[in-house]
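To start, the structure itself, in structure tokens.
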């Protein structure tokens, strides 16, 4: 990996007296897709929240050469981080066009609607449709489109294919692939075939710690590492993205419940500043 765009070192998060992250290390490449992997409850979503300042955190989060760990979320947004949350964060009662306008950022220059309409022509035809009447895949398109409006330096996409139909998974993969040609993407994902298709680099979390960093292809080709780190076999990583089961990273045997993620969140404003904290309560 060349000089990373985002460098996370020793990220720790404590919520309600519970230690959720115990020192996460993560490098996000300055181009292409970096995948963040781990079983349910490993700390993936909390890591994203920590990077964005949505939860109290300590450690180091460098965006380029700038230390951002003490910055408020809205200041991180102004520095060019776009966020597509797991719950998509659309305003159901507003139209598609209104949801996109809410993501426009003062001082960021002219919103790049030509790019959005090139990648998502369907959103143009549905501009006046209430977002709450869209399919899950269409709502995901709105969530990703908002991150592309403002010339962001980094896009963070939290499980963008979760709950989507196979055909839509393929469409979202194509969109992320094209978006990553212009903007680096940190992808939190459980579909290993999608990771194989998109990601050059990856990190794996377990119990709030980083347990692996390196090339994604090398990890996905290592059956022993996949079984040890993620509880899956290599065959689970080789199926087409649209056929990959959403349970790909579930453990192969029962384990104690973890403390952090994969619970529904309240709808947000479509960027990091508007996303509600969905941390599990103790």
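Residue numbers (my numbering): 86 to 367. Where is the CB? At the ideal position from N, CA and C, for every residue including glycine. In this text, all values refer to a predicted model and were calculated from it rather than measured experimentally.
Comparing alpha carbon positions, the residue from 117, 153, 159, 241 closest to residue 168 is 241. DSSP places residue 255 within a helical segment (H, G or I) once states are collapsed to three.
Per DSSP, the continuous beta strand (DSSP E) segment holding residue 119 begins and ends at 118-123. Beta-bridge analysis with DSSP links residue 104 to 99. Here residue 110 carries a strand assignment [DSSP, helix/strand/coil].
Out of 302, 117, 129, the CA that lies nearest to the CA of residue 88 is found in 117. Counting only the Cα atoms, residue 121 lies some 27 Å from residue 176.
Here DSSP, grouped into helix, strand and coil, assigns residue 88 to coil. Residue 100 sits close to residue 140, with the two beta carbons spaced by under 8 Å. As the crow flies, the alpha-carbon of residue 124 is around 8 Å from that of residue 316. When the beta-carbon positions are compared, residue 127 and residue 285 stay at least 8 Å from each other.
In the three-state scheme derived from DSSP, where H, G and I count as helix and E and B as strand, residue 182 is classed as helix. Under the 10 Å beta carbon count, residue 228 is surrounded by 16 or more other beta carbons and is classified as buried. A direct Cα-to-Cα measurement between residue 314 and residue 301 gives close to 13 Å. In this structure the segment 228-238 touches the segment 157-167; the number of beta carbon pairs closer than 8 Å is three or more. DSSP, reduced to helix, strand and coil, places residue 142 outside both helices and strands of the structure shown, so it counts as coil. With 16 or more other Cβ atoms inside 10 Å of its own Cβ, residue 174 counts as buried.
Annotation: residue 268 is outside any alpha helix (DSSP H) and is labelled neither H nor E by DSSP. Secondary structure in the segment 221-252: the alpha helix (DSSP H) runs of 4 residues or longer, each lying completely within the stretch, are 221-232 in chain order. When secondary structure is reduced to three states using DSSP, residue 284 falls in the strand class.
Taking the C-beta atoms as reference points, residue 305 is found nearer than 8 Å to residue 281. With distances taken between CA atoms, residue 91 lies nearest to 137 out of 107, 137, 108, 130. As a beta-bridge residue in DSSP terms, residue 295 pairs with 290. Taken through DSSP and simplified to helix, strand or coil, residue 193 comes out as coil. With a cutoff of 8 Å on beta-carbon distance, residue 93 and residue 162 are scored as not near each other. Residue state for residue 170 is assigned as coil, using DSSP reduced to three classes.
Looking at the DSSP output, residue 94 bridges to 145.
Taking a 10 Å sphere around the C-beta of residue 150, we find fewer than 16 other C-beta atoms and assign the residue as exposed. As a beta-bridge residue in DSSP terms, residue 300 pairs with 286. When the beta-carbon positions are compared, residue 103 and residue 142 stay at least 8 Å from each other.
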